[in-house]
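Numbering (our numbering), first residue to last: 419 to 510.
What follows is a short report on a single structure.
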């Protein structure tokens, strides 16, 4: 057995940091969502990396509080059961 087969791959710290930031943002958003059953947490897989690239230096919890209700084009991913423009539309 060679020594390269025994070694685990090095952790990708940048990816780990990005995923942690996105997770904090998503869970903060969900915590303030008045109808959390309408929210698809999977939508943050699409929106999260965009937010992270633009706002990675900011606190994700505070950013979620500032942006809550303003998901724009990502509304359809976060709230797949709702249509924009309905009374329960949280996008602006």
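We put the beta carbon where it would ideally sit given N, CA and C, even for glycine.
- Inclusion of residue 497 and residue 469 in the CB contact set at 9 Å is not warranted, their separation being larger than that value.
- The DSSP assignment places no complete run of the beta strand (DSSP E) inside the region 420-454 (cut-off: 3 residues).
- Rounded to the nearest whole angstrom, the C-alpha separation of residue 485 and residue 495 is 16 Å.
- Relative to residue 446, the option among 460, 482, 477, 425 whose CA is nearest is 482.
- A direct Cα-Cα distance of roughly 17 Å separates residue 500 from residue 464.
- For residue 461, same chain residues with a beta-carbon under 6 Å away, outside a window of 5 residues either side, are 495, 496 in chain order.
- Between the alpha carbons of residue 428 and residue 493 lies a gap of roughly 36 Å.
- DSSP, reduced to helix, strand and coil, places residue 497 outside both helices and strands of the structure shown, so it counts as coil.
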